[in-house]
Amino acid sequence: MRFIGNSNLLANTAVFVEQCGYYGISVQMPLLDEKRFTYCPLTPALHSDILLVWRRDRQQSHTLQKFIDFAKCFLSIE
0 MRFIGNSNLL ANTAVFVEQC GYYGISVQMP LLDEKRFTYC PLTPALHSDI LLVWRRDRQQ
60 SHTLQKFIDF AKCFLSIE
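Under numbering that gives the first Met the number 0, the first residue of the sequence shown carries the number 0, and numbering increases by one thereafter.
Written out as structure tokens, the structure is:
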């Protein structure tokens, strides 16, 4: 498989799929015309870990500290 590019707009990707014969990969089901495109989930499903990283030895801004506190609470991290 050879990747030729990436896009953050599915409408632009749809042009390449429809007019150039390329394939597109998306992380979620796009809201495009299902009569023109076929959607197949990847099997096995792909999963990835998401990391939130910050420097321990550095003073954080008030806003950043509030975001870190929120993320820890939301993700149930001590």
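Ideal Cβ placement from N, Cα and C applies to all residues, glycine included. Keep in mind it's a predicted model, so treat the numbers as computed, not measured.
- Item | Secondary structure of residue 3, DSSP reduced to three states | coil
- Does the beta-carbon of residue 12 have 16 or more other beta-carbons within 10 angstroms, so that it is buried, or is it exposed? buried
- Item | Whole-angstrom C-beta distance between residue 36 and residue 160, which should lie under 8 Å | With the chain running from 0 to 77 in the structure shown, residue 160 is simply not present.
- Task: May I ask which residues mark the beginning and end of the alpha helix (DSSP H) holding residue 63?
- Result: 61-73
- Message: Let me check understanding here. Comparing Cα to Cα, which of 8, 71, 18, 9 lies closest to residue 50?
- Response: 71
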